[in-house]
Amino acid sequence: MISLDIHRRVEAGTRAFDLDVSLSSQARRIALFGPSGAGKSLTIRAIAGLLRLDRGCIVVNGVTLYDSDRGIALSPQARRLGYLQQDYGLFPHLTVIQNIAFGLTRGWLNPRGRRLPEVARRWVDAFDLDAILNSYPSEISGGQKQRVALARALSVEPRLLLLDEPLAALDAGLRVRMREELAALQSRLDIPTILITHDPQDAVMLADQVFRIRDGRIEGDCTPQGLMAAQ
Ligand code: ADP
Ligand code: ADP
């Protein structure tokens, strides 16, 4: 279902970091778990098409997003991924509705000719965002920001959802609630998911298989429950 073979050397000053991530999973929802600096965000950005690869192959549900051997490299738009960035990545100068619409209006996607308001409207309703549509990110709460970012990610009707520490920016109480909401959404939408997290609780609720990553490599995999037990 998800198959990754990702190779990229990034240079940071005199140091080099080698990302060599290979994994294959039949699970619908997987998590990448590992310490800070392990290469989790680079991996997600590579899948999203935002990090050029030295070589590799990325296949999701039978769709080849990238294959250096065969010369296939879909554009970020054509990949049709819902990418929930760490800290949400909302544009501060755009209102909530403009943020949600951004992926669609900039030609990132024209979902089968459907008009923008319809697609966005579905998620505005689902997340109860009507009252804040004309607010700016600085004027809304953390939980609202999370929902706005999620509405933006889902409005592209993604073939894969990329969640980069989706709950890390929330306080403890909200975190528990949003974790449940995300899990409910996952089972309702049935979209394959790659989750990045530091928190075994997130993995238990939001993933079916966990891959441990360190120093740019996959060390092994386990069940979310196994990860929890090992902490
Ligand atoms: P391009 O080839 O289009 O310039 P890159 O793959 O070089 O694209 O860069 C894409 C992203 O990868 C950058 O926005 C940056 O965040 C990250 N990146 C680029 N260079 C480095 C680097 N030397 N070290 C770490 N990350 C890097
Ligand atoms: P993680 O998400 O697991 O915390 P990252 O994927 O962000 O780790 O980063 C992996 C390593 O790649 C970092 O330790 C750093 O050395 C390097 N790196 C990533 N992005 C950049 C960047 N924009 N500039 C310099 N180095 C980077």
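My numbering numbers the first residue of the sequence shown as 356 and each following residue consecutively.
Glycine included, C-beta positions come from ideal geometry on N, C-alpha and C.
All values derive from a computational prediction rather than experimental measurement.
Of the listed residues Asp483, Asp422, Ala538 and Arg507, nearest to Tyr438 (C-alpha basis): Counting from one through the sequence shown, the residue named residue 438 turns up at place 83. Looking at the Cα atoms, Arg507 is the closest of the given residues.
So, with DSSP's three-state summary, where would you put Arg384? Locating residue 384 in the sequence shown gives position 29, where the first residue counts as 1. It is a strand residue.
Can you check which of these residues, Thr398, Ile487 and Ser510, is closest to Gln499 by C-alpha distance? As a working note, residue 499 is residue 144 in the sequence shown. For Gln499, the nearest C-alpha among the options comes from Ile487.
With distances taken Cα to Cα, identify the nearest neighbour of Leu374 among Pro431, Ala382 and Lys395. For the purposes of this step, residue 374 is identified with residue 19 of the sequence shown, where counting begins at 1. Nearest option by C-alpha distance: Lys395.
With a CB to CB cut of under 6 Å and the five nearest residues on each side skipped, what residues in its chain are close to Leu515? Here residue 515 refers to the residue found at position 160 of the sequence shown. Excluding positions up to five away in sequence, the list reads Val415, Leu436 and Pro547.
Do you know how far the Cα of Gln432 is from the Cα of Gly462? On the sequence shown, position 107 is the one that residue 462 refers to. On the sequence shown, position 77 is the one that residue 432 refers to. Residue confidence for Gly462 is low, a pLDDT of 46 falling below 50, so the modelled location carries little weight and cannot support an answer.
So, using beta-carbon positions, are Asp600 and Pro521 closer together than 9 Å? The requested residue 600 is not part of the displayed model; the chain covers only 356 to 586.
Pick helix, strand or coil for Gly581, following the three-state DSSP scheme. Taking the first residue of the sequence shown as position 1, residue 581 is located at position 226. Note: Gly581 maps to helix in three-state DSSP.
Contacting residues, own chain, Cβ-Cβ under 6 Å from Arg530 (five flanking each side not counted): As a position in the sequence shown, residue 530 is number 175, starting the count at 1. So the list reads Leu522, once near-sequence residues are dropped.
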